[in-house]
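Worksheet: one structure, shown below.
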Amino acid sequence: MGSACAGTVQVCADQAEMPPFVFAERVNGQRSGKVVGASVDLLKLIGARQGWNVGVQLLPWARCLALVADHRVDIALNVGQADAGGELVLSDAYFTMHNVYFYSRRARPQGLSLRKLSDVGRYHLCGLGGYHFEVYGIPTSKVDRGATIGYEQLIGKLHLGRCDLFIDSRETMAGQYLINPKLRSLLVDGTLVSQPLPDSPLRSLYFGVAAGAEGAKLLAALNEGLARLAKTRELEKLLDHYMEQ
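Just so you know, UniProt numbering puts 84 at position 84 of the sequence shown, and the rest follows in order with no gaps.
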């Protein structure tokens, strides 16, 4: 394991990817082994001041969180408050995402309108495996996640009428343009409809570390770096770099 004092900091993120925040770089349309994104760049900027080498791997999300909690990986990227549980300690927030919901015009030509957040409970909600939904007031156990590991499968379930809607962020879905030409066509063909999720809290992203003395030391270094970069609006620049591609 790395540490706040060691040369290499081991980092994990969700293998389902969350562009523009974290994703595997594509070379000629093919996924490479290099992990990039605004959150990765942010951590590397912080690490440069600390003398860290930052190594990032994409893992199943539940496994990533468990490895950090078990002190076998140092930092989890893009952790939400609902992900932390009692196992991880979170840094200051570094990016904020805006929630939207998606439904299929094919399966529901009459439309689907949510007037308040609790209306979600009237519908069959789908989601990606490893994610938690308590932040929306929905028990994760009631969300149809199954073996859904990517957005193509999720959108396919909507179009087949196997679920009514799914929730994600505007930023994450826009970031899909960076990695998936096929998904890009699914997003713009007019049959997948997105609407702002009413009354929903903004979803902030955090670095997650294990509780304990080493974690506290690491957390202090991360928060110091975030505070310094926020003053120069560096965080917004990192995100804009990807969204403008």
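Cβ atoms here follow ideal geometry from the backbone N, Cα and C, with glycine treated the same way.
*Using only alpha-carbon positions, find the residue among G225, P109 and S141 that is nearest to H124.*
S141
*Can you tell me where the alpha helix (DSSP H) with R184 in it begins and where it stops?*
First-last of the alpha helix (DSSP H) with R184: P181 to V188.
_Once DSSP output is grouped into helix, strand and coil, what is the label at T8?_
In the structure shown, T8 sits in a strand (DSSP, three-state: E or B).
*asked:* Per DSSP, what are the beta-bridge partners of N99 in this structure?
replied: In the DSSP output, where bridge partners are listed per residue, N99 has S169.
*Secondary structure at K34, three-state DSSP: helix, strand or coil?*
strand
*Identify which residue in Q15, G127 and T232 has its Cα closest to the Cα of S169.*
G127
*Which residues share a DSSP beta bridge with residue 247?*
There is no way to answer for residue 247, as the model of the chain reaches only from 1 to 245.
*Can you give the beta carbon distance from L59 to Q15, rounded, assuming they're within the 8 Å contact cut?*
The pair is a contact, with the Cβ atoms about 6 Å apart (cut-off 8 Å).
_Short of 8 Å in beta carbon distance, which residues of its chain neighbour R26, apart from the five on each side in sequence? Order them along the chain._
Apart from sequence neighbours up to five positions away, the residues of its chain that approach R26 with a beta-carbon distance below 8 Å are S32, L178 and I179, ordered along the chain.
*Please state whether DSSP places Q15 in a helix, a strand or coil.*
coil
*Go through its chain and collect everything with a Cβ distance to G190's Cβ below 8 Å, but skip five positions before and after it.*
R105
_Please list the terminal residues of the continuous beta strand (DSSP E) segment that includes R203._
It spans R203 to A210 - the beta strand (DSSP E) in which R203 sits, taken as one unbroken run.
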